[in-house]
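Chemist: Okay, here's the structure, questions in a sec.
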Amino acid sequence: MSVQLTRSSQPRRKRPAGKVWLFAVPGMTLFAVFWLLPMLRLVGVGASGPTGAMAYLAVLTNRHYLWSLVATLLLSAVVTVATLAISSSVGLFLQRNRFPGKSLLMAMLTFPLAFPGVVVGFMVIMLAGRQGLIGALTDKLFGEPLVFAYSLAGLFIGYLYFSIPRVILTVMAAAEKLDPALEEAARSLGANPLRVFFDVVAPALTPALISSGAICFATSIGAFGTAFTLATNIDVLPMAIYNEFTSYANFAMAAALSIVLGLITWIALALARSLSGSSVPATA
Amino acid sequence: MKNSLRFYLQLTFTLLVCAFLIVPVVLSVLAGVTENFFVGLSSGFTLRWVAQVWDTYQMTIWRSVLIAVACLAVTLVVGVPLAYMLARHQGGNSRLARIFEELLMMPVAVPGLATALALIMAYGQYRAFRGSLLFILVGHVLFTLPFMVRPVLAVMQSSQLAVLEEAAASLGAGMRQRFFGVVIPNAASGILAGALMVVTLSIGEFNITWMLHTPLTMTLPVGLADAYASMRLEVGSAYTLIFLLMIVPLLVAMQWVTQTSRTRVRL
Numbered sequence: 652m653s654v655q656l657t658r659s660s661q662p663r664r665k666r667p668a669g670k671v672w673l674f675a676v677p678g679m680t681l682f683a684v685f686w687l688l689p690m691l692r693l694v695g696v697g698a699s700g701p702t703g704a705m706a707y708l709a710v711l712t713n714r715h716y717l718w719s720l721v722a723t724l725l726l727s728a729v730v731t732v733a734t735l736a737i738s739s740s741v742g743l744f745l746q747r748n749r750f751p752g753k754s755l756l757m758a759m760l761t762f763p764l765a766f767p768g769v770v771v772g773f774m775v776i777m778l779a780g781r782q783g784l785i786g787a788l789t790d791k792l793f794g795e796p797l798v799f800a801y802s803l804a805g806l807f808i809g810y811l812y813f814s815i816p817r818v819i820l821t822v823m824a825a826a827e828k829l830d831p832a833l834e835e836a837a838r839s840l841g842a843n844p845l846r847v848f849f850d851v852v853a854p855a856l857t858p859a860l861i862s863s864g865a866i867c868f869a870t871s872i873g874a875f876g877t878a879f880t881l882a883t884n885i886d887v888l889p890m891a892i893y894n895e896f897t898s899y900a901n902f903a904m905a906a907a908l909s910i911v912l913g914l915i916t917w918i919a920l921a922l923a924r925s926l927s928g929s930s931v932p933a934t935a
Numbered sequence: 054m055k056n057s058l059r060f061y062l063q064l065t066f067t068l069l070v071c072a073f074l075i076v077p078v079v080l081s082v083l084a085g086v087t088e089n090f091f092v093g094l095s096s097g098f099t100l101r102w103v104a105q106v107w108d109t110y111q112m113t114i115w116r117s118v119l120i121a122v123a124c125l126a127v128t129l130v131v132g133v134p135l136a137y138m139l140a141r142h143q144g145g146n147s148r149l150a151r152i153f154e155e156l157l158m159m160p161v162a163v164p165g166l167a168t169a170l171a172l173i174m175a176y177g178q179y180r181a182f183r184g185s186l187l188f189i190l191v192g193h194v195l196f197t198l199p200f201m202v203r204p205v206l207a208v209m210q211s212s213q214l215a216v217l218e219e220a221a222a223s224l225g226a227g228m229r230q231r232f233f234g235v236v237i238p239n240a241a242s243g244i245l246a247g248a249l250m251v252v253t254l255s256i257g258e259f260n261i262t263w264m265l266h267t268p269l270t271m272t273l274p275v276g277l278a279d280a281y282a283s284m285r286l287e288v289g290s291a292y293t294l295i296f297l298l299m300i301v302p303l304l305v306a307m308q309w310v311t312q313t314s315r316t317r318v319r320l
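Chains A and B, in that order, give the protein sequences. When you read off a place in the first sequence, starting at 1, and then add 651, the result is the number in the working numbering. When you read off a place in the second sequence, starting at 1, and then add 53, the result is the number in the working numbering.
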């Protein structure tokens, strides 16, 4: 109402708020020219192969792509569940307790946040690669080095490494808003710790867990750098697209597969947002 | 007694997770300055690998810095006004603004591989553009723009700023005057947070850049992938060490910004 007042008290300026859309012109033009139009074109290219628009179904009809898709989805789902379990227990612990060295611990836990996928891949090699720590330890203990960096297991470790810091931060932010009086009330009414957790703490954390889980799932599906560093023959969908494009120059199939991949990640994020009821801050 | 046992169990678990995240980093840093990592630390420390990386990959570092700075400039010039429009169009509850916000997130939500392929299919035939750093810059701007817009938008949507702007307007300030004299100075904390995020993300961007780069436009993360694939472990480690040295100041600054802005909010 006060806005109306100020507007009417300034007859000198014509439509004072009318031109604010101009501020969006440079940004949205850039976006339209370099993302929206190229994406539409990519959709067209996807249907330009020998099989036409059927290429979009190839991910289901072609045994090889279907397997890549299933492996990608399964891996991402397992990573998401493991990350949520690990990070929520660590995040809750850090939010609840004060002890010397906590801020240092926090700093170390969030340090890998800025690592790109390639560096994460290298960290996995450091842990489980041919000259890695786990290999050296198992060699000493059992006389046989355990090396699993260059496979789906290595990719699993990499995505875990990538996701844990992000989810810890989200869980801590959500737990900060939790009212400790609610838990106290539940406890004073005789609920055991497990009951308190599942009836009071977990429901309050659910929106944060759903949204960060969706981000974790979507980034695991689309991530490329980690797999690329570990081995180019790991059978996940982003690597299939990469090989289709560079090794076989099959542009139509690469385009169709990447549109399908993009749709899956976008749907996962949109679903999570409608479920958790708040906007999902993507931190991929 | 029972409680303290639980505390120590949880602490142990947290320390294990921390070790999982930090031990590889420490190993990598050590490997980067060790004569022969396979033999062990007893082979002696050396800066030989760092020097070798500097000789071979120096240009990738400068290119990444250049692209990050350019990316920051573009996202500032384009993103801050865009955030203003999103915050103020039709008094702040505009359907169009919500659609724009949603669209801007797409390059982050969709895998970088798809964005890169789309750019190549649409503009790959313009050879000069395709082979220049500008091509990579476009990809980075698309990916980082929402990270500039979001924090700035959050600050601009705070009620306090709307009141200040109204006061300025009632005193006769035009839109341009309000934008530069009231909105930008008051959104400084959001702009700073966004700027740090944009630079950090641009320096580390790989998924889009890998598809867009040519041998002459290799950036730091692309160089890293190249070194991991073709050089000995010590060289890859030394290269990673240089990368870490570049992003640590950015991370510390980001931590500092979030902390100071949080205390300001509490006041």
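Glycine included, each C-beta is placed from N, C-alpha and C at the ideal position. Because the structure is a prediction, the values reported are computed rather than measured.
Have a look at Asn901/A, Leu908/A, Trp686/A, Ile892/A and flag the residue whose alpha-carbon is nearest the alpha-carbon of Val194/B.
Modeler: Per the Cα distances, Trp686/A.
Chemist: Would you decide whether Ser57/B is buried or exposed? Buried here means 16 or more other CB atoms lie within 10 Å of its CB.
Modeler: By the 10 Å Cβ count, Ser57/B comes out exposed.
Chemist: How many Å lie between Pro238/B and Tyr899/A at the Cα?
Modeler: The straight-line gap from Cα to Cα measures roughly 53 Å.
Chemist: Cutting at 6 Å between CB atoms, please list the residues of its own chain near Met271/B, excluding the five before and the five after it.
Modeler: Taken in chain order, the residues that qualify are Thr113.
Chemist: For Lys828/A and chain B, any beta-carbon pair shorter than 8 Å?
Modeler: Closer than 8 Å: no.
Chemist: With a threshold of 16 other CB atoms inside 10 Å of the CB of Met652/A, please say whether the residue is buried or exposed.
Modeler: Confidence at Met652/A is low in this model, with a pLDDT of 38, below 50, so the placement of that residue is unreliable and no value is reported for it.
Chemist: Hey, out of Leu64/B, Glu219/B, Arg203/B, whose CA is closest to Pro751/A's CA?
Modeler: Nearest C-alpha to Pro751/A: Leu64/B.
Chemist: Just the chain A side, please: which residues come within less than 8 Å of Leu135/B by C-beta, in chain order?
Modeler: Within 8 Å Cβ-Cβ: Phe674, Ala675, Pro677, Gly678, Met679.
Chemist: Pull up the distance between the alpha-carbon of Glu795/A and that of Ala787/A, whole angstroms please.
Modeler: Answer to the nearest angstrom: the Cα atoms are 9 Å apart.
Chemist: Is it the case that the Cβ atoms of Val251/B and Met209/B are separated by a distance below 8 Å?
Modeler: Cβ distance not < 8 Å, so Val251/B and Met209/B don't count as in contact.
Chemist: I need the boundaries of the alpha helix (DSSP H) containing Val252/B, first residue and last residue.
Modeler: That run of the alpha helix (DSSP H) goes 241-257.
Chemist: Glu88/B versus chain A: which residues are under 7 Å apart at the beta carbon?
Modeler: The contacting residues do not exist; Glu88/B stays about 14 Å from chain A at best.
Chemist: Answer with buried or exposed for Leu767/A, where buried requires no fewer than 16 other C-beta atoms within 10 angstroms of its C-beta.
Modeler: Contrary to the premise, residue 767/A reads as Pro rather than Leu in this sequence. It counts as buried.
Chemist: Starting from the beta carbon of Asn748/A, find every residue of chain B whose beta carbon is closer than 7 Å, and list them in chain order.
Modeler: Those are Phe60, listed as they occur along chain B.
Chemist: Residue range of the alpha helix (DSSP H) that Asn260/B falls in?
Modeler: From DSSP, the alpha helix (DSSP H) with Asn260/B extends over 260-265.
Chemist: Of the choices Ala923/A, Ala675/A, Lys670/A, Asn901/A, whose alpha-carbon is the least far from that of Ala859/A?
Modeler: With distances taken between Cα atoms, Ala859/A lies closest to Ala923/A.
Chemist: Inspect the CB distances between the segment 670-683 of chain A and the segment 136-149 of chain B and report whether three or more fall short of 8 Å.
Modeler: With the cut-off at 8 Å, the segment 670-683 of chain A and the segment 136-149 of chain B touch.
Chemist: Would you say Ser791/A reaches chain B, if we count a Cβ-Cβ gap shorter than 8 Å as a contact?
Modeler: The residue you asked about is not Ser; residue 791/A is Lys in the sequence shown. No, because no Cβ of chain B sits closer than 8 Å to the Cβ of Lys791/A.
Chemist: Between the C-alpha atoms of Thr253/B and Ala683/A, what's the straight-line distance to the nearest angstrom?
Modeler: Each residue's alpha carbon lies about 25 Å from the other.
Chemist: How many whole angstroms separate the CB atoms of Ala241/B and Pro204/B, which I take to be in contact at a CB cut-off of 8 Å?
Modeler: Not quite, the Cβ-Cβ distance comes to about 11 Å (not below 8 Å), so this is no contact.
Chemist: What's the gap between the Cα of Val318/B and the Cα of Lys828/A?
Modeler: Note that Val318/B scores a pLDDT of 46, beneath 50, so its modelled location is shaky; the value from the coordinates is reported in the next line. Each residue's Cα considered, the two are about 15 Å apart.
Chemist: Given a threshold of 16 other Cβ atoms within 10 Å of its Cβ, counted over all protein chains shown, does Pro268/B qualify as buried or as exposed?
Modeler: Per the 10 Å Cβ criterion, exposed.
Chemist: Out of curiosity, what's the CA-to-CA distance linking Thr857/A and Tyr110/B?
Modeler: Cα to Cα, the separation comes out at about 46 Å.
Chemist: Are the C-beta atoms of Cys124/B and some chain A residue less than 8 Å apart?
Modeler: No, no contact with chain A.
Chemist: Does chain A have any CB closer than 8 Å to the CB of Gly289/B?
Modeler: With 8 Å as the cut-off, Gly289/B counts as an interface residue toward chain A.
Chemist: Nearest to Thr734/A by alpha carbon, out of Leu784/A, Val721/A, Leu820/A?
Modeler: When only C-alpha atoms are compared, the closest one is Leu820/A.
Chemist: Establish whether the CB of Trp917/A and some CB of chain B are separated by less than 8 Å.
Modeler: Closer than 8 Å: yes.
Chemist: Ser754/A to Gln746/A, Cα distance in whole Å?
Modeler: One C-alpha to the other measures close to 11 Å.
Chemist: Taking C-beta to C-beta, are Thr883/A and Phe773/A nearer than 8 Å?
Modeler: Contact flag unset, no.
Chemist: So Gly805/A and Pro164/B are in contact, right, with Cβ under 8 Å, and what is the actual spacing, rounded?
Modeler: Not really, about 20 Å apart at Cβ, beyond 8 Å.
Chemist: For Val235/B, would you say it is in contact with chain A, using Cβ-to-Cβ distances shorter than 8 Å as the test?
Modeler: Not one chain A Cβ lies under 8 Å of Val235/B.
Chemist: Whole angstroms are fine: how far does the CA of Thr789/A sit from the CA of Ala736/A?
Modeler: Distance between the alpha carbons of Ala736/A and Thr789/A: 27 Å.
Chemist: Tell me which same chain residues have a C-beta within less than 7 Å of the C-beta of Leu926/A, skipping the five on either side of it?
Modeler: Excluding residues within five positions, the ones whose Cβ falls inside 7 Å are Ile861.
Chemist: Tell whether a beta-carbon distance below 8 Å holds between Thr293/B and Pro274/B.
Modeler: Not closer than 8 Å, so no.
Chemist: With 16 other CB atoms within 10 Å as the buried threshold, where does Ile918/A fall?
Modeler: So Ile918/A ends up on the exposed side.
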